Amino acid sequence: MDQYKKSKMKSVICWVIAFVFAIFYLIISFMPFVFMVLNSFKEKFEMLVKGIFSLPDAFNLDNYQAVFAGNFWKFFGNSVIVLAVSLTILLFISACASYPLARFKFKLANPLYAMIVACMSIPIHITLIPVFKMSQSTGLYDSIWALIGPYVAFAVPISVFILTSFMQGIPREIEESAEIDGCNKYKMFFKMILPLAKPGLSTLAIYNGVNMWNEFSFAYTLTQSTQNRTLPLAVWEFQGQYSMNTPMIMAVLTLTVLPMIIMFIFFQDKLVKGMTAGAVKG
86 MDQYKKSKMK
96 SVICWVIAFV
106 FAIFYLIISF
116 MPFVFMVLNS
126 FKEKFEMLVK
136 GIFSLPDAFN
146 LDNYQAVFAG
156 NFWKFFGNSV
166 IVLAVSLTIL
176 LFISACASYP
186 LARFKFKLAN
196 PLYAMIVACM
206 SIPIHITLIP
216 VFKMSQSTGL
226 YDSIWALIGP
236 YVAFAVPISV
246 FILTSFMQGI
256 PREIEESAEI
266 DGCNKYKMFF
276 KMILPLAKPG
286 LSTLAIYNGV
296 NMWNEFSFAY
306 TLTQSTQNRT
316 LPLAVWEFQG
326 QYSMNTPMIM
336 AVLTLTVLPM
346 IIMFIFFQDK
356 LVKGMTAGAV
366 KG
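Shown next as structure tokens:
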């Protein structure tokens, strides 16, 4: 009985310690965003006088109105288009590549998989100049379509690596039953494997979506005109234009990160399920 009480006490203590650390991590992670939002409602001189840690005297929307009056919506639309097209192509290519690597046995399976995984070690920024030259030669330079190729190409290795592991965890009995019923490989892939792989695909969409949304180097290198730039470049442009107006910059930053935060809130369950399910072999 005493041993049981000691074990239970240790469990409670460990749970309390973990809870305290979780709350502490939540505070230090979330507070910068809170201060950013609060300061975006302040006037310029109000923040200079009262500092960043004070509450705004009033929730002033002038900063947001000034941001919307500029090219923000054009930047936002470009980012949405690039993100949607890139993710669609990426998920389709990754799924088509991961399925045979996970389910079929052929001589080149292991070498191909090793080559794909090895590509994860290539620093993407060393390819800036070659990609820049390629975009010029193909006539894609200074267009949002020039960003899609690099975004997809550099996200494929990690996506195939994760999705292959996830598909290996799908029970083979499902495919065997479908084959007995006369289902061919193409129908099996689109009607059975892809629906079962939704948690893994959702994880990849969120992970790569955040990276694509925040990407700066390729967007800065491959686009020149204002009408073809994305949101990270909007932040950079506003920072140069309103370098002395910190509340205005806070408003731009808030609007930039808000879509990703909303996406995490609505899809966090799929993210956790996808990250854990791939590690369980069926």
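Count along the sequence shown from 1, then add 85; that gives the number in the numbering used here. Glycine included, C-beta positions come from ideal geometry on N, C-alpha and C. Quick caveat: nothing in here was measured; it's all calculated off a predicted structure.
Close-in-space but distant-in-sequence residues of the same chain around residue i (CB under 6 angstroms, 5 per side omitted)
{"i": "M205", "result": "P242 and I243"}
{"i": "V202", "result": "F246"}
Spatially closest choice to residue i from the options, by CA coordinates
{"i": "I209", "options": "S302, I108 and G162", "result": "S302"}
{"i": "A45", "options": "M345, A336 and L343", "result": "This structure leaves residue 45 out entirely; the chain is present only between 86 and 367."}
{"i": "V119", "options": "V134, F177 and S139", "result": "S139"}
{"i": "M273", "options": "G285, L286, P284 and E258", "result": "E258"}
{"i": "M297", "options": "F275, T173, L133 and I113", "result": "T173"}
{"i": "K270", "options": "C181, P215 and T223", "result": "C181"}
{"i": "N148", "options": "P215, I207 and T331", "result": "T331"}
{"i": "D79", "options": "K283, N293 and V320", "result": "Here the chain covers residues 86 to 367 and nothing more, so residue 79 does not appear."}
{"i": "A238", "options": "A263, G224, V320 and V216", "result": "V216"}
{"i": "L146", "options": "K129, K135 and W158", "result": "K129"}
{"i": "S250", "options": "S114, R188 and K135", "result": "R188"}
{"i": "A169", "options": "I207, V105 and G234", "result": "G234"}
Nonlocal neighbours in the same chain, by C-beta distance under 8 angstroms from residue i, ignoring five residues either side
{"i": "P141", "result": "L123, N124, F126, K127 and E131"}
{"i": "I229", "result": "N163, I166, V167, T308, N313 and T315"}
{"i": "K95", "result": "none"}
{"i": "L318", "result": "F160, F301, A304, Y305 and T308"}
{"i": "M200", "result": "none"}
{"i": "I346", "result": "F118"}
{"i": "F144", "result": "F126"}
{"i": "N195", "result": "none"}
Span of the alpha helix (DSSP H) around residue i
{"i": "N313", "result": "That residue, N313, is in no alpha helix (DSSP H); it is neither H nor E in DSSP."}
{"i": "S328", "result": "That residue, S328, is in no alpha helix (DSSP H); it is neither H nor E in DSSP."}
{"i": "F217", "result": "L213 to S222"}
{"i": "I201", "result": "A194 to A203"}
Residue i vs residue j beta-carbon contact at 8 angstroms
{"i": "T339", "j": "F160", "result": "no"}
{"i": "S171", "j": "Y236", "result": "yes"}
{"i": "V167", "j": "L232", "result": "yes"}
{"i": "M252", "j": "Y184", "result": "yes"}
{"i": "L213", "j": "Y198", "result": "no"}
{"i": "F151", "j": "M333", "result": "Correcting the residue type first, residue 151 is Ala in the shown sequence and not Phe. It is a contact, given that the beta carbons lie within the stated cut-off."}
{"i": "L286", "j": "L176", "result": "yes"}
{"i": "I291", "j": "M348", "result": "yes"}
{"i": "N156", "j": "T311", "result": "yes"}
Own chain partners of residue i with C-beta closer than 7 angstroms, once the 5 adjacent residues on each side are dropped
{"i": "L281", "result": "I255"}
{"i": "S179", "result": "V241, S244, V245, L248 and L289"}
{"i": "G367", "result": "Residue confidence for G367 is low, a pLDDT of 42 falling below 50, so the modelled location carries little weight and cannot support an answer."}
{"i": "Y327", "result": "M333 and I334"}
{"i": "N293", "result": "L172, L175, A240 and S244"}
{"i": "K190", "result": "none"}
{"i": "F352", "result": "S287 and I291"}
{"i": "I137", "result": "F120 and N124"}
{"i": "A263", "result": "M273 and M277"}
{"i": "L299", "result": "Checking the displayed sequence, the identity of residue 299 turns out to be Asn instead of Leu. Closer than 7 angstroms at the Cβ level, and outside the excluded window around N299, lie P317."}
{"i": "L279", "result": "A180"}
{"i": "Q324", "result": "I334"}
{"i": "V365", "result": "Unreliable positioning characterises V365 in this predicted model, as indicated by a pLDDT of 48, which lies under 50. The coordinate reading is nonetheless provided below. Hits under 7 angstroms: G254."}
{"i": "V320", "result": "V337, L338 and T341"}
Whole runs of the alpha helix (DSSP H) within the stretch 254–279, excluding any shorter than 4 residues
257–265 and 270–273
Exercise. Ignoring anything shorter than 4 residues or poking outside the stretch 107–178, list the alpha helix (DSSP H) runs there in chain order.
Key: 129–135 and 147–154
(message) As an exercise, report each continuous beta strand (DSSP E) stretch of at least 3 residues that is fully enclosed by the stretch 284–313, in chain order.
(response) none
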